[in-house]
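Asks:
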Amino acid sequence: MAGLIDLVGKTPLVEINRLNNNPNVKVYAKLEGNNPGGSVKDRPALNMIKSALERGDIKAGTKLIEATSGNTGIALAMIARLFDLEIELVMPSNSTKERTLTMEAFGAKVTLLEGIEACRDYAEEKGASGDYFLLNQFANADNYMAHYKTTGPEIWNDTNGEITHFVSAMGTTGTIMGNSMYLKEKNPDIQIVGCQPTEESSIPGIRRWPVEYLPKIFDPKRVDRVIDISQADATEMTRQLARVEGIFAGMSSGGAAVAALKVASELERGVVVFIVCDRGDRYLSSDLFG
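Under this note's numbering, the first residue of the sequence shown carries the number 10, and numbering increases by one thereafter.
1) How many angstroms separate the CA atom of Leu250 from the CA atom of His156?
2) For Leu73, does the count of other Cβ atoms within 10 angstroms reach 16, so buried, or fall short, so exposed?
3) I'd like to check one pair, Gln200 with Met57: are the Cβ atoms closer than 8 Å?
4) Looking at the structure shown, is Leu122 part of a helix, part of a strand, or coil, going by DSSP?
5) Look at the alpha carbon of Gln205 and the alpha carbon of Thr105, and state the distance between them as a whole number of angstroms.
6) How would you write the range of the beta strand (DSSP E) that Pro101 sits in, first residue to last?
7) Can you grab the Cα-Cα spacing for the pair Gly42 / Ser262, in whole Å?
8) Tell me the rounded alpha-carbon separation between Ala84 and Ser48.
9) Measuring only the C-alpha atoms, how far is Ile226 from Thr184?
10) How long is the line joining the alpha carbons of Asn44 and Ala54, rounded to whole angstroms?
11) For the putative contact between Met231 and Ser177, defined by C-beta atoms under 8 Å, what is the C-beta separation to the nearest angstrom?
12) Is the beta carbon of Thr159 less than 8 Å from the beta carbon of Gly279?
13) Pick from Asp93, Gly82, Asn80: whose alpha carbon is nearest that of Gly70?
14) According to DSSP, what are the bridge partners of Phe142?
15) Give a yes or no on contact between the region 14-26 and the region 127-140, applying the rule of three or more CB pairs nearer than 8 Å.
16) Let me know if Asp296 comes out buried or exposed under the rule of 16 or more other beta-carbons within 10 Å of its beta-carbon.
17) Which residues in the same chain as Ile67 place their Cβ atom closer than 6 Å to its Cβ, once the five residues preceding and following it in sequence are excluded?
18) Alpha carbon to alpha carbon, what distance is there between Glu245 and Gly139?
19) If you draw a straight line from the C-alpha of Leu122 to the C-alpha of Gly82, how long is it?
20) For a test of the three-state rule: what should DSSP assign to Asp130, helix, strand or coil?
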């Protein structure tokens, strides 16, 4: 009988049939909302906590702290509970209520501040005090190594090594860094495509970081192309994924789908895989599906 953490990963690839207008290119969505915590962040949350325990950096009873825009916090709250760890999660005050309530349901303390940058500063200050252990997904190699060890191999195997393009939203950048590392080792010709919001856009889960807050784990050499996505396009595509393809996801997934379909439209043939980061039920109190 599998335990909960044994269910992290091994998520399905589904083909995008109706929104893809290029019959010579296959486009697949990797449904990370099928993880037990409901998002791609279950992978790094498990790897960051488990690896820290194995190294002796933390132990049962350690107080953890982390800044998050939502999905990592939910995943950490779930995983921390399984290892008897207390956790405080620091999140922007404009996050949807579903996220806050889910973290609290797992027993986490939630602190709301104005903006993710302020959340990161607060978490780093508390981590430096010595009373808390800061996981720091923005600078923690265990973040991207989760994808190197699990997501990348799954995609390679499920496409029979035929993937030509990998597309991902960029937030902490752990997903795109880890997958790039693995997939480029298997085939250096695979193109790694990231997406970020246009200057005026706000898309939950995708960031255009100020230089001073750029994640330390990010290596621009591992990304072949970056596509800017508008908030309007990400919103419309998220709705289309639900209404046309039956994929119920958040706005960052809509942004990744915009980029994936753009890439597919430019190719003579290929296999494009994009990450569907989470499920749409985390956004029902917003106007995303209104």
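We treat Cβ as the ideally placed atom computed from N, Cα and C, and that holds for glycine.
Owing to the predicted nature of the structure, the values given are computational and were not obtained by experimental measurement.
Replies: So, to answer that:
1) 24 Å
2) buried
3) no
4) strand
5) 21 Å
6) 95-101
7) 10 Å
8) 8 Å
9) 11 Å
10) 12 Å
11) This sequence places Arg at residue 231; Met is not what is there. Not confirmed; about 11 Å, so no contact.
12) no
13) Asp93
14) Leu73
15) no
16) exposed
17) Ala61, Phe142
18) 45 Å
19) 14 Å
20) helix
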